[in-house]
Amino acid sequence: MKKVILFLFFLFFSCNSNKGFVDVKYKGYFKMMSNKEYIYRYSLNKGFVIRETQGDEWRQIEYIYDDNSIFYISNEDDNMSLNYENIKSTKEISDQASIAFFEKDTITLYGVDNDGKFWKNKYDGEINIGYLNASDDRKEEFEKVISTLIRYSY
2 MKKVILFLFF LFFSCNSNKG FVDVKYKGYF KMMSNKEYIY RYSLNKGFVI
52 RETQGDEWRQ IEYIYDDNSI FYISNEDDNM SLNYENIKST KEISDQASIA
102 FFEKDTITLY GVDNDGKFWK NKYDGEINIG YLNASDDRKE EFEKVISTLI
152 RYSY
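Residues in the sequence shown are numbered from 2 upward in steps of one, following this note's numbering.
And the structure:
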């Protein structure tokens, strides 16, 4: 009986540990090999509206919150990321980004925009993942999402 109660106790608290969050998946395709897929899984705080755009071999999903902060994931090559303007605003960051995107290298770029909001773009040769218009609190939340990102290949 004690084992059953202990099991139910752990089950209850493990189910509530993600309260207020929703698990989401991003499904994309390897370039020129549409039969091979990859999936990223991550948990975001609830309260967003989804905006999605897609082409033949790319897909971008934006999670837009009421405070105008945006979390995004994309495998689009032509436009570096949703943070294109922030990346281009500083020559040093822009130069680093151009080299990394051209060489399909891993790079993490971040900064503060003109309104004092935080932005970040992480590129790993395959996807861009990041955020913009983030307050201190939202930045911490988004950083956790990026650091716990899980990738599955098929």
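Cβ coordinates follow ideal geometry from the N, Cα and C atoms, glycine included. As the structure is a prediction and not an experimental result, all values here were calculated from the model.
Rounded to whole angstroms, the Cβ separation of Tyr85 and Ile108 is 14 Å, and the two are not in contact under 8 Å. In this structure, DSSP gives Glu63 an extended state, which the three-state scheme calls strand. Spanning the alpha carbons of Lys140 and Ser148 requires a straight line of approximately 12 Å. Where Ile100 is concerned, there is no enclosing beta strand (DSSP E), although the alpha helix (DSSP H) around it starts and stops at 92-104.
The straight-line gap separating the alpha-carbon atoms of Gln61 and Glu53 is approximately 6 Å. Counting C-beta atoms within 10 angstroms of its own C-beta, Val146 has 16 or more neighbours from the protein chains shown and is therefore classed as buried.
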